[in-house]
C-alpha cells in the first residue's frame, strides 16, 4: 500500500480458491487471482508456479516472492528480465506439519534461496545470522512494521459476550508448531475471571483443532477473523500470547505490540528479538506449565500489565515502522534496477506471492 502511495504500480497475486469475492483492485493495488492445487503439500508451490508463468506475459520490473520453499521457481520471472527478491521468512523445514520428504525439500530450498533470486531478504536479525552461519552469505535484513487503526464498525466483543480487558488473546494458524495447546492447557488451570479467545484456523489440522477444543471447553475459538473484528479484539485484550516455536518475525506479534498489548511470548530467539525489554517471555520448553506460571503472576498484578502495554507501544514506534520498511525495500529495488536510491514514481512495478 505504501509503495502505491509513493507512486509505484503494484500487483498482488492471490490464490483463487481463497478469494471468493475476486476483487480486481484493493487500495489501488491490482489483484490477480490465479489457480493452484489446494492440498497441504502443493497449495503454495503450485500457485507460485502459475503466478510466475503469468508474470512472463505481464511486464513487471521487480517480483517479490515469499518463503524459501518457493525459491526453485525464482528463475522463471528472471527469464523475462525481471529482478526477483525473495523473503525467506523463517526456517519452514522445522515445522512439524511436514514429513521427511517435505522437510528435506524445504531445507534444500534455503540453499537455492541464496542463488536463484537477485536478492534474498530475512525478516529478523536472528534469521540473518542463521543464513550467515549456515551458508556464509549475508542477506538483506528488513524488519516488519505495524499499523493497526481503530475498527470503524466495532461489535465483535458483544457478539462473543466478552468485555474490554477481560480476555487473553492468541491469533495464529492452529497448527502444532504454533503450540496453541500451551495456552489452552495453561488457561484451563488458571484461577481467573478472564476469558480466552483464540483466533485462527488451519485447513489441514482437523485432528489437532478437535483436540484443542476438547482440552479447552471454556475457550472461545472464533475461526478466521479479519478487518474490524480482528482489530477490535487486538486492541482490547488483557494480554496477547504468542506460543509459536518456529519462524522469524511474526507480524501478528508486532501488530499486538503496536495495539498496546502486554505481550507474552514463547522464548524463541526470534520472539525475544522482537519484544526486547518490552514483553514477557515464558520458557517454551516447559510448555503450558511455564506459561501458566507467567499468566498467574500477571492476573495478580495488573499494574505490571499496564506498564508492559506502554513499553510495547513505544518499542514498535521506535523499531518497527512501515515507513522505514518501505524505504528499505525502495532502496533495495533501486539498487537492483540500477536507478537512483529514491525511485521516481512510475518506475517500479511489484508482484508479490506470499506463502
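In this note's numbering, the protein residues as written are 4 to 358.
Backbone N, C-alpha and C fix where the C-beta goes; we use that ideal spot for every residue, glycine too.
Remember, it's a predicted structure, so these values are computed and weren't measured experimentally.
Identity of the residues DSSP links to residue i by a beta bridge
i           : result
residue 125 : 144
residue 28  : 33
residue 86  : 65
residue 267 : 244, 283
residue 201 : 173, 224
Three-way DSSP call (helix, strand, coil) for residue i in this model
i           : result
residue 282 : coil
residue 1   : Within the shown structure, residues of the chain are numbered from 4 to 358, placing residue 1 beyond reach of any answer.
residue 91  : coil
residue 224 : strand
residue 182 : coil
residue 252 : coil
residue 1   : The structure shown has nothing for residue 1, since the chain only spans 4 to 358.
residue 188 : helix
residue 74  : helix
residue 209 : helix
residue 359 : What the structure shows of the chain is the stretch from 4 to 358, and residue 359 is not part of that stretch, so it cannot be assessed.
residue 120 : coil
residue 48  : helix
residue 346 : Any reading at residue 346 needs caution, since the residue's pLDDT is 45, under 50, leaving its predicted position unreliable; the model's value is listed next. Note: residue 346 maps to coil in three-state DSSP.
residue 2   : Given that the chain is displayed from residue 4 to residue 358, the structure contains no residue 2 and the question cannot be resolved.
residue 229 : coil
residue 311 : helix
Distance CB(residue i)-CB(residue j) smaller than 8 Å
i           : j           : result
residue 88  : residue 124 : yes
residue 105 : residue 44  : yes
residue 187 : residue 215 : yes
residue 182 : residue 265 : no
residue 276 : residue 129 : yes
residue 284 : residue 270 : yes
residue 261 : residue 151 : yes
residue 184 : residue 291 : yes
residue 329 : residue 5   : yes
residue 149 : residue 257 : yes
residue 197 : residue 224 : no
residue 74  : residue 112 : yes
residue 59  : residue 79  : yes
residue 68  : residue 51  : yes
So, do the segment 161-178 and the segment 196-212 have three or more beta carbon pairs nearer to each other than 8 Å? yes
With a threshold of 8 Å, are at least 3 pairs of Cβ atoms found where one atom belongs to the segment 333-341 and the other to the segment 226-238? no
Would the segment 11-21 and the segment 34-49 be scored as touching if the rule is three or more Cβ pairs under 8 Å? yes
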